[in-house]
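One point on numbering: in numbering that gives the first Met the number 0, the residue at position 70 of the sequence shown is 69, and numbering is uninterrupted. Virtual Cβ for every residue (Gly too), placed ideally from N, Cα, C.
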Amino acid sequence: MKRLTLDQTWKLCLSMWRWIAKQIREGSRKSVAELKAQWVTKHGYEELHNLCFFCAWVKPAGRYCAGDCPGEKVEKNFDCNDAKYDYEDEPVAFYNKLVSLNRNRNQGRISKCVTCPGTKVSKINGKLWCQNKNADWRCDFSTFYNKLRSLNRKRLAKRKK
Numbered sequence: 000m001k002r003l004t005l006d007q008t009w010k011l012c013l014s015m016w017r018w019i020a021k022q023i024r025e026g027s028r029k030s031v032a033e034l035k036a037q038w039v040t041k042h043g044y045e046e047l048h049n050l051c052f053f054c055a056w057v058k059p060a061g062r063y064c065a066g067d068c069p070g071e072k073v074e075k076n077f078d079c080n081d082a083k084y085d086y087e088d089e090p091v092a093f094y095n096k097l098v099s100l101n102r103n104r105n106q107g108r109i110s111k112c113v114t115c116p117g118t119k120v121s122k123i124n125g126k127l128w129c130q131n132k133n134a135d136w137r138c139d140f141s142t143f144y145n146k147l148r149s150l151n152r153k154r155l156a157k158r159k160k
């Protein structure tokens, strides 16, 4: 199997578990292992290690799942066998946990991707704020972008004086 990027791994994992959760909700009598096998076969990933995209991402690099799992990169204590969301016993809860982890993963990425020394944007509790706290990254992008442009114009005007 071709080595997947971390983003591809997350996308495929979420896609597979979304489908599994849907099958369970609709009353499928198949086991989680059978559903995983059905999904990977249908999508051409038969040689997937443990029928798990996270395990497959870790293994080709010669690493161990414990500590190197993509889920653990987001939440240190993530364990696919945790009783609250065990992937085999609680597949819908497991899918919900993956969605939550992915949301946290993406928030961390957003916090890191916007840095502008000109507008003095800083990271505070996972959110990006301008110094005057009038522009929040979580608002729609055009509002945030326009606020940054406005602040930058003011900063440049002060420099010219």
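Item, Value
"Reference N105; option with closest CA among W16, V91, D78 and K72", "K72"
"Alpha-carbon spacing of S27 relative to E33, whole angstroms", "11 Å"
"Presumed contact (8 Å Cβ cut-off) between T4 and F52, rounded CB distance", "Wrong, their Cβ atoms sit about 11 Å apart, outside the cutoff."
"Exposed unless 16 or more other CB atoms sit within 10 angstroms - verdict on A156", "exposed"
"Where K119 sits in the DSSP three-state scheme", "Low confidence applies to K119: its pLDDT is 46, below 50, so where it sits in the model is not reliable enough to give any reading."
"DSSP state of E33 mapped onto helix, strand, coil", "helix"
"C-beta atoms of P69 and I19 nearer than 7 Å", "no"
"7 Å Cβ cutoff met for L97 and L13", "yes"
"Span separating the alpha-carbon of V31 from that of R102", "24 Å"
"Where the alpha helix (DSSP H) through E71 begins and ends", "P69 to V73"
"Exposure label - A82; buried when at least 16 CB within 10 Å", "exposed"
"Three-state class that DSSP yields for K96 in the structure shown", "helix"
"Residue span of the alpha helix (DSSP H) that contains K58, given as start and end", "Segment: none, K58 is in no alpha helix (DSSP H) and carries neither H nor E."
"Backbone secondary structure at K153 - three-state DSSP", "helix"
"Whole-angstrom distance between N49 and W56, CA atom to CA atom", "11 Å"
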